[in-house]
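When you line the sequence shown up against UniProt numbering, it's residues 1 to 545, in that order. Every residue, glycine too, gets a C-beta built ideally from N, C-alpha and C. Everything on this sheet refers to the single structure shown next.
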Amino acid sequence: MGIQVSDQIAIALKQHGIEVVFGIVGIPIVELAEKLAEHGVRFIACRNEQSCSYAASVYGYLTNKPGALLVVGGSGVVHALAGIHNAWVNKWPLLVIAGSTEDEYKGGFQELDQLRIVAPWTSFKGRLSLDNVNYMVYTAVKTAVLQHGVSYLDVPGRLINMDAVGPLASKPVDIQHVRSGPDSSRVQGAAKLLQDGRNILVVVGRGCAEYPGVVRSFLERYRLPFLPVPMAKGIVPDSHELNVNGCRSLALKRAEIVLVLGARLNWILHYGSAPKWNADATFIQVDRDPATLGHNNSSGVNYSVLSDVELFINAITAVLPQSWQYRGVDNEVLDKIRENGVKLQRKAQLTPGSPLNYHAVYSLLRKLIDDKNTILSAEGANTMDNSRLWFGTDYPKRRLDAGTGATMGLGVGYALSAKLANPDKFVVALEGDSAFGFSCMELETAVRNKVGLVVVVMNNGGIYHGNPGSGPVRTTDLSPECAYHLVGQGLGCNGVLIRTLDELKKEFPRALQNSMKSITTVLNVILEPGTQTNVSFGWQAKSNM
Numbered sequence: 001m002g003i004q005v006s007d008q009i010a011i012a013l014k015q016h017g018i019e020v021v022f023g024i025v026g027i028p029i030v031e032l033a034e035k036l037a038e039h040g041v042r043f044i045a046c047r048n049e050q051s052c053s054y055a056a057s058v059y060g061y062l063t064n065k066p067g068a069l070l071v072v073g074g075s076g077v078v079h080a081l082a083g084i085h086n087a088w089v090n091k092w093p094l095l096v097i098a099g100s101t102e103d104e105y106k107g108g109f110q111e112l113d114q115l116r117i118v119a120p121w122t123s124f125k126g127r128l129s130l131d132n133v134n135y136m137v138y139t140a141v142k143t144a145v146l147q148h149g150v151s152y153l154d155v156p157g158r159l160i161n162m163d164a165v166g167p168l169a170s171k172p173v174d175i176q177h178v179r180s181g182p183d184s185s186r187v188q189g190a191a192k193l194l195q196d197g198r199n200i201l202v203v204v205g206r207g208c209a210e211y212p213g214v215v216r217s218f219l220e221r222y223r224l225p226f227l228p229v230p231m232a233k234g235i236v237p238d239s240h241e242l243n244v245n246g247c248r249s250l251a252l253k254r255a256e257i258v259l260v261l262g263a264r265l266n267w268i269l270h271y272g273s274a275p276k277w278n279a280d281a282t283f284i285q286v287d288r289d290p291a292t293l294g295h296n297n298s299s300g301v302n303y304s305v306l307s308d309v310e311l312f313i314n315a316i317t318a319v320l321p322q323s324w325q326y327r328g329v330d331n332e333v334l335d336k337i338r339e340n341g342v343k344l345q346r347k348a349q350l351t352p353g354s355p356l357n358y359h360a361v362y363s364l365l366r367k368l369i370d371d372k373n374t375i376l377s378a379e380g381a382n383t384m385d386n387s388r389l390w391f392g393t394d395y396p397k398r399r400l401d402a403g404t405g406a407t408m409g410l411g412v413g414y415a416l417s418a419k420l421a422n423p424d425k426f427v428v429a430l431e432g433d434s435a436f437g438f439s440c441m442e443l444e445t446a447v448r449n450k451v452g453l454v455v456v457v458m459n460n461g462g463i464y465h466g467n468p469g470s471g472p473v474r475t476t477d478l479s480p481e482c483a484y485h486l487v488g489q490g491l492g493c494n495g496v497l498i499r500t501l502d503e504l505k506k507e508f509p510r511a512l513q514n515s516m517k518s519i520t521t522v523l524n525v526i527l528e529p530g531t532q533t534n535v536s537f538g539w540q541a542k543s544n545m
């Protein structure tokens with residue numbers, strides 16, 4: 001048998017730097033998955049396209065090259081839209097490949113106009129044919145890299161087993177990000193605003209992730225207070241004296257000049273608007289995406305700078321006077337940071353018994369986690385919100401959460417991807433009990449592929465809060481004390497029920513060590529049901545966030 005199109009696709013992907021593909025096999029892509037493995041591309045066979053697509057999407061962020069996803073057509077593509085949208089909204093590079101039918105308009109096998117379905121969330125989409133395989137793979141990877149977005153390739157089923165036409169990709173292709181520098185007049189304008197004596201705040205976004213040293217040096221040189229968005233934590237150490245995240249609300253209200261580096265003025269930053277922000281604040285947005293500039297910032301659109309973050313910092317450093325420095329963090333802000341820190345510790349100390357609460361559990365886990373060597377994924381309303389308070393980090397790309405799309409169901413997939421991308425790191429998934437239900441079958445994927453994780457299920461028996469009574473079942477209720485540790489055991493993991501801090505203190509370090517032996521552990525932590533109050537959006541409402 002000669003070289004088939006499936007070989008040609010696999011070789012082209014390998015030559016373009018694709019080393020891991022997440023997917024679920026079925027007709028007609030089984031042979032393609034087998035060829036990927038045959039040609040040295042690791043194929044991670046998952047259990048559900050939704051969590052599989054989330055894993056592929058975050059792999060692009062963690063490795064700074066496209067994640068890759070292979071699914072069947074029809075419903076497989078529909079299910080994968082979750083990860084496609086997740087990559088698109090977070091601006092992460094992702095390559096999606098799906099099987100399709102040639103029997104259009106006849107009710108063909110899994111027939112769906114997949115090119116049209118994926119169109120709103122893709123930067124490139126196309127269908128493979130006998131004579132365009134190498135070109136299409138190149139274009140798809142190039143577009144995903146350069147536009148930080150999603151590319152989609154449709155593979156007709158009959159094509160996969162046909163003999164290849166034309167040459168095979170014979171040389172590695174390393175597509176680098178293209179960086180552009182700022183307009184000098186915009187840099188001059190930004191420098192002038194920074195020096196006019198008003199209160200300054202720098203927002204550090206995910207767009208700074210590749211330049212932690214550059215951003216930190218810039219902030220330190222000019223003594224500029226900064227606030228990281230949640231998944232930008234650690235780009236500059238959270239423990240840094242210039243970090244004002246400990247009194248976020250006060251920092252936003254006091255800010256008059258806001259330099260936004262690689263972040264969007266969306267819901268995470270309250271749209272740059274009062275009452276969360278100072279109504280008279282001027283925003284200087286620096287971003288590589290022109291669509292971001294001026295978004296929710298009509299008054300500051302002419303201060304916006306289209307630029308790579310590092311090149312902007314280099315340019316404004318050349319313009320600012322060498323002797324100029326800002327005054328650092330004001331005493332009022334420092335006092336509030338200390339006050340909030342004391343309040344947080346008190347919350348952990350108030351109810352240390354059983355059943356446990358978020359603060360008691362997180363206070364202990366923070367002491368047991370090696371920050372430098374641990375990647376933490378968190379999802380679930382209270383689980384994630386509280387984790388943002390307790391788990392700072394001094395290292396970039398160590399905190400993963402719901403992101404720009406506020407997406408639930410990604411926790412186990414994210415953890416799986418994080419461990420594959422960083423096999424030398426501990427990976428801990430903090431899962432609300434509701435969130436855990438979206439993707440818990442991927443525990444079997446981790447076990448089968450010998451990917452060691454630590455999964456901590458924060459089990460309060462409900463969404464936001466549980467129901468300790470015997471009244472009617474409410475919309476937020478889940479089964480109380482559900483035995484998620486037994487679910488883990490059934491899927492090949494270690495599973496442990498946790499009711500006390502002493503049990504957690506014993507079992508969590510053991511789970512970490514086992515993860516380095518490719519053993520996954522599920523710790524089912526039973527929490528108090530919580531206060532029966534009206535449900536609110538914590539990120540938008542909490543004053544101490």
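Residue i to residue j, Cα distance in whole Å?
| i | j | result |
| --- | --- | --- |
| S180 | T476 | 48 Å |
| A291 | D238 | 29 Å |
| L252 | N245 | 10 Å |
| C482 | K367 | 27 Å |
| G538 | M384 | Reliability of the predicted coordinates at G538 is poor, the pLDDT of 49 falling under 50, and the value obtained from them is presented with this limitation in mind. G538 and M384: Cα-Cα distance of roughly 10 Å. |
| S100 | I24 | 14 Å |
| V72 | R474 | 37 Å |
| V309 | G213 | 12 Å |
| V21 | C52 | 10 Å |
| M441 | V487 | 9 Å |
| V319 | G495 | 58 Å |
| L112 | A119 | 13 Å |
| L32 | V525 | 41 Å |
| I11 | H177 | 22 Å |
| L350 | G471 | 28 Å |
| W139 | P172 | In the sequence under discussion, the amino acid at residue 139 is Thr, which differs from the Trp named in the question. Those two C-alpha atoms are separated by around 15 Å. |
| I268 | R499 | 34 Å |
| L159 | L130 | 7 Å |
| A348 | F391 | 14 Å |
If you drop the 5 nearest sequence neighbours on each side, which residues of the same chain put their C-beta closer than 8 Å to that of residue i?
| i | result |
| --- | --- |
| G2 | D163, A164 |
| K505 | L364, L368 |
| P509 | L368 |
| T143 | S123, F124, G149, S151 |
| D280 | E256 |
| L62 | K397, S417, A418, A421, N422 |
Thinking residue i and residue j are a contact (beta carbons under 8 Å), I'd like their distance in whole angstroms, please.
| i | j | result |
| --- | --- | --- |
| S515 | F426 | 6 Å |
| F226 | N243 | 6 Å |
| T520 | L453 | 5 Å |
| Q50 | H85 | At roughly 11 Å, the Cβ-Cβ gap does not stay under 8 Å, so Q50 and H85 are not in contact. |
| residue 633 | P396 | The first residue shown for the chain is 1 and the last is 545, placing residue 633 beyond what the model contains. |
| residue 547 | L356 | The first residue shown for the chain is 1 and the last is 545, placing residue 547 beyond what the model contains. |
| T317 | F436 | At roughly 46 Å, the Cβ-Cβ gap does not stay under 8 Å, so T317 and F436 are not in contact. |
| A511 | L523 | 6 Å |
Can you give me the Cβ contacts of residue i inside the same chain, cut-off strictly under 7 Å, excluding the 5 residues immediately before and after it?
| i | result |
| --- | --- |
| L389 | L344 |
| G272 | L265, F283, N296, N297 |
| L250 | V333, K336 |
| W121 | I84, H85, W88, V150 |
Taking the alpha carbon of residue i as the reference point, which residue from the options has its own alpha carbon closest?
| i | options | result |
| --- | --- | --- |
| L259 | P228, P275, I235 | P228 |
| A87 | V145, D103, G73 | V145 |
| G466 | K506, T520, R264, L527 | L527 |
| P529 | V20, T521, M458, L168 | M458 |
| P93 | G76, L311, I316, V58 | V58 |
| S151 | F124, N161, I160 | F124 |
| N90 | G262, L153, L523, G462 | G262 |
| I9 | A511, A348, Y211, A169 | A169 |
| A191 | Y358, V451, V30, Q285 | Q285 |
| R206 | Q195, L193, M231 | M231 |
| S323 | V202, L62, Q195 | Q195 |
| G432 | K450, G40, N382 | N382 |
| V451 | S434, G413, T139, G462 | G413 |
| I463 | F391, G380, D424 | G380 |
| N161 | G108, Q4, L13, F391 | Q4 |
| V236 | R254, P321, V456, V215 | V215 |
| F109 | I27, L115, N449, D330 | I27 |
| H240 | P321, R254, V329, K65 | V329 |
Enumerate in chain order the residues of its own chain whose CB-to-CB distance from residue i is below 6 Å, with the five nearest sequence positions on each side excluded.
| i | result |
| --- | --- |
| T393 | K233, G234, D238, D371, R399 |
| Y417 | In the sequence as displayed, the identity of residue 417 is Ser instead of Tyr. Cβ within range, chain order: A55, V58, Y59. |
| G294 | V301, S304 |
| N544 | Note on N544: pLDDT 41, under 50, position unreliable in the model; the coordinate value appears next. Hits under 6 Å: N340. |
How about residue i: is its Cβ closer than 8 Å to a heavy atom in the ligand FMN?
| i | result |
| --- | --- |
| V258 | You won't find the ligand FMN in this model; it holds no ligand whatsoever. |
Query raised in the report: Any chance the region 491 to 508 sits against the region 394 to 409, with 3 or more Cβ pairs inside 8 Å?
Result: no
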